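Visitor: This is the structure I want to talk about, given as structure tokens.
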Amino acid sequence: MKILVASTHGKLDKFFGLVKKIQEKKGSFDLLIILGNFFSTDETQTVDELKKYRSGQKSVPTKTYLFPDEELSVFKDFGWKDPKTNFQINPNFMLLGRKGIIQLSEFTIGHYSLKEEEVDRRNDGFLENIQMVDLMLTHSWPQGVINYRVPQHVYSLSMKGSVSVQDVVSALEPRYLFSISKENFFERRPYSSSPNYVTRFLSLAEFGNKKKQKFLYALNLKPLNKLTNEDLDTYGKMVTSCPFERKRSLNNEFQIAEFGKQQKQQLKRKNLNQKQNFIFRDKIANLNDQQTETQNKKENEKEKEKEKEKEKEKEKEKEGSHKTQSKIISFQTDKMKNQNVVGGNEKKKPSCWSCLSSNDFNPHLLISLLDNMYLSLSKGGIVPHHFQMIPISHTPNLLSLNEQEIKDFEKYQIALKSFFQSKSQKVVLFERFVYFKINEFCHLQIETIPIPAEKIESVATEFRKEAKKNRLRVVQVSNINHLRETVSYNGRVSQHVWAQIDSDQWLVAIAKNHQRYSLMKFIRIVITNALQIPERIDWKACIQSEEEETKTVTLFKEEFKKFDPSLL
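Each residue of the sequence shown is one higher than the one before, starting from 21 at the first, in the numbering used here.
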């Protein structure tokens, strides 16, 4: 979308004439946005010009939004009653209210101009259900926006920063943030609003200013869901840290020079230490995973020998069930051994329902067990045959699986697809990956859900719809390597959810830090909408008794044994 943003000071006819000339040379714009002091010194002349556009005597050069910064009582003569709402001057010319969000096809524009004394944070629902905007329009600079690597001459602007604007900008994380500064144009270096996105702040001078500073800015905006990693890396070393991470201080003035060289050096050392700590934690976490995996393999080999002796005591049990139960016992025995290490200084790990060695593991849900992965009934499943493929090691996501785990995953994937195909059903696989704390994550669970063949297309539709609703970037990938390239950024895996729809489509929705909660029920919302069973969204409302779950597992194991890779 081609957008032209400008700051005018009245003079509508002259300004629109300039825009028409620009369009003749550069091509037409999809949208023109005007912000700033709308009325010139001759208010009567401005009102007279506006009336001609209101009546249709004159037309705007393209679709236009007007976001003025002054007392708007004069617009009441045009029928505008509530300054907090938008008002249509004519079909192609709209007056924006004091605050709001506008949805334009694949783009979102936010506008906010409340003064500090007007803000009621307890009763203001402006930010509810809003995740991110492409463009943000304000009249006040957000407090702290010139923190970090800003030219010295900017300090002399002596503009006050708005705390409420900072709150809004921090929450919405716009890709472009536009404001005004009368006689001066200022473009800040892009800053990192999250690991995956940057924000560009631009403050426009007024049209016709004496210093001949830039008063308009043109951009060709790509939809959020079509951004590539190359697009995200465009700014490279130009990007600074988020300026709003510093504490609010200095009496709301943009005077960061008062921090002094000593404070700046302390901040650099603090950031360096934090970075080193994160790297150290990552290395330790990876080392622990490797040691745990090696130890488990050795202990599994020992336990396999013990399995043979226990078979005589459980002759009544089926061979497959016996092996499954024995392996669970072996993992729990290993856990007890580890806890009795001499010295007793081993740090306790958080309880995990998916770890076979955990006391919270429910063995009655287990269906099949391979060397590196197992298949389990999902607790509170959306449908009766809602299963989970889970690695035995506490692995965070599909991308972390080793070669042997991938092989076991593919075995179950093929087996389940064949089983449900025999029943005229398709299979949808899901994974959700989120960080709860630094380097803390859930045990990987690959959800496996059968879908009637006639409803399989609606899954992809609902996936894209839910992603768009939550402002998540959607990409279609072809394989695991493509998935890795898509969700990896600066050596870190972004929070995401993916769906493999009957092996034909593999969709990925990528979330930012503050969007992780939108991923929590993403899978269930997509499937329940596709199957039109909204009452099944909450997993807690779908929990069966242990007796019912055991019956479901027993019946399915009998049907599945011809396909079960652990029995072949």
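In this text, a Cβ means the ideal position worked out from N, Cα and C, and glycines have one as well.
Only a predicted model underlies this, so the values are computations on that prediction, with no experimental measurement involved.
Leaving aside the five residues before and after G401 along the sequence, list all residues of the same chain whose C-beta is less than 6 Å from its C-beta, in chain order.
Guide: By 1-based counting over the sequence shown, the position of residue 401 is 381. Answer for G401: no residue qualifies.
Visitor: When burial is assigned at 16 or more other CB atoms within 10 Å of the CB, is N417 buried or exposed?
Guide: Position 397 of the sequence shown, counting from 1, holds the residue named residue 417. So N417 ends up on the buried side.
Visitor: F264: which of I200, V188, S199 and F227 sits nearest, CA to CA?
Guide: Counted from its first residue, the sequence shown places residue 264 at position 244. The shortest Cα separation from F264 among I200, V188, S199 and F227 belongs to V188.
Visitor: From the DSSP output, in three-state form, read off N240 for me.
Guide: For the purposes of this step, residue 240 is taken as residue 220 along the sequence shown, with counting starting at 1. Three-state result, N240: strand.
Visitor: With 16 other CB atoms within 10 Å as the buried threshold, where does N204 fall?
Guide: Residue numbering aside, residue 204 sits at position 184 when the sequence shown is read from its first letter. Per the 10 Å Cβ criterion, buried.
Visitor: For H29, count neighbouring Cβ atoms within 10 angstroms of its own Cβ and tell me buried if that reaches 16, exposed if not.
Guide: Numbered from 1 along the sequence shown, position 9 holds the residue referred to as residue 29. It counts as buried.
Visitor: Judging by CA-CA distance, which residue of Q43, L389 and V183 is the nearest neighbour of L24?
Guide: Position 4 of the sequence shown, counted from the start, is the residue given in the question as residue 24. When each option's Cα is compared against that of L24, the closest is Q43.
Visitor: Are the CB atoms of G76 and N112 within a distance shorter than 8 Å?
Guide: Taking the sequence shown and counting its residues from 1, the one referred to as residue 112 is at position 92. Taking the sequence shown and counting its residues from 1, the one referred to as residue 76 is at position 56. Going by C-beta atoms, N112 is not nearer than 8 Å to G76.
Visitor: Do L503 and V494 have their CB atoms nearer than 8 Å?
Guide: Here residue 503 corresponds to residue number 483 of the sequence shown, with the count starting at 1. Here residue 494 corresponds to residue number 474 of the sequence shown, with the count starting at 1. Not a contact, by the Cβ cut-off of 8 Å.
Visitor: May I ask which residues mark the beginning and end of the alpha helix (DSSP H) holding R493?
Guide: Residue 493 sits at position 473 when you count from the first residue of the sequence shown. Note, R493: premise wrong, no alpha helix (DSSP H); beta strand (DSSP E) at R493 to Q496.
Visitor: Between Q163 and chain C, is any beta-carbon pair separated by less than 8 Å?
Guide: The structure shown contains no chain C; it is built from a single protein chain.
Visitor: Once you ignore the five residues that flank A487 on each side, which residues in its own chain have a CB closer than 6 Å to its CB?
Guide: Within the sequence shown, residue 487 is the residue found at index 467, counting from 1. If we look at A487 and ignore the five residues flanking it on each side, its Cβ neighbours are V494 and A529.
Visitor: When the Cα atoms are used, what is the spatial distance from G164 to Y211?
Guide: Within the sequence shown, residue 164 is the residue found at index 144, counting from 1. Within the sequence shown, residue 211 is the residue found at index 191, counting from 1. Roughly 12 Å between the two C-alpha positions.
Visitor: Look at the alpha carbon of R53 and the alpha carbon of Y509, and state the distance between them as a whole number of angstroms.
Guide: The residue labelled residue 53 in the question sits at position 33 within the sequence shown. The residue labelled residue 509 in the question sits at position 489 within the sequence shown. Strictly speaking, residue 53 in this sequence is Ile, with Arg absent from that position. So the two alpha carbons sit approximately 33 Å from each other.
Visitor: Could I get the ranges of all uninterrupted alpha helix (DSSP H) runs contained in the segment 534-567, with 4 residues as the minimum, in chain order?
Guide: As far as the segment 534-567 is concerned, its whole alpha helix (DSSP H) runs of at least 4 residues are 537-540 and 542-551.
Visitor: Taking the alpha carbon of E226 as the reference point, which residue from T219, R220 and K234 has its own alpha carbon closest?
Guide: Here the question's residue 226 lines up with position 206 in the sequence shown. Among T219, R220 and K234, the Cα nearest to that of E226 is on K234.
Visitor: Decide if the segment 551-563 is in contact with the segment 515-530; the criterion is three or more beta carbon pairs, one per stretch, under 8 Å apart.
Guide: No, the segment 551-563 does not touch the segment 515-530.
Visitor: Would you tell me roughly how many angstroms separate the C-alpha atoms of K41 and G511, rounded to the nearest one?
Guide: In the sequence shown, counting from the first residue as 1, residue 41 sits at position 21. In the sequence shown, counting from the first residue as 1, residue 511 sits at position 491. Cα-Cα distance, rounded: 47 Å.
Visitor: Three-state secondary structure (DSSP) at N501?
Guide: Translated into positions along the sequence shown, residue 501 becomes position 481. Note: N501 maps to helix in three-state DSSP.
Visitor: Could you say if the segment 181-195 and the segment 216-223 meet the contact criterion of at least three C-beta pairs nearer than 8 Å?
Guide: Result yes; three or more Cβ-Cβ pairs closer than 8 Å.
Visitor: Give the DSSP-derived three-state secondary structure of M21 in the structure shown.
Guide: For the purposes of this step, residue 21 is identified with residue 1 of the sequence shown, where counting begins at 1. Coil, per DSSP.
Visitor: Which residues share a DSSP beta bridge with G56?
Guide: Against the sequence shown, residue 56 aligns to sequence position 36. DSSP lists P88 as partners of G56.
Visitor: Would you kindly report the start and end of the unbroken alpha helix (DSSP H) that includes Q525?
Guide: The residue you call residue 525 lines up with position 505 of the sequence shown. Unbroken run through Q525 is the beta strand (DSSP E), Q525 to I530; no alpha helix (DSSP H).
Visitor: Is the CB-CB distance between L492 and A531 below 8 Å?
Guide: Numbered from 1 along the sequence shown, position 472 holds the residue referred to as residue 492. Numbered from 1 along the sequence shown, position 511 holds the residue referred to as residue 531. Their beta carbons are under 8 Å apart, which means L492 touches A531 by this criterion.
Visitor: Looking at Y168 and T105, is the spacing between their C-beta atoms short of 8 Å?
Guide: The residue you call residue 105 lines up with position 85 of the sequence shown. The residue you call residue 168 lines up with position 148 of the sequence shown. In this structure, Y168 does not lie closer than 8 Å to T105 by Cβ.
Visitor: What's the call for T574, buried or exposed, on a 16-neighbour Cβ count within 10 Å?
Guide: Start at 1 with the first residue of the sequence shown, and residue 574 comes out as number 554. T574 comes out exposed.
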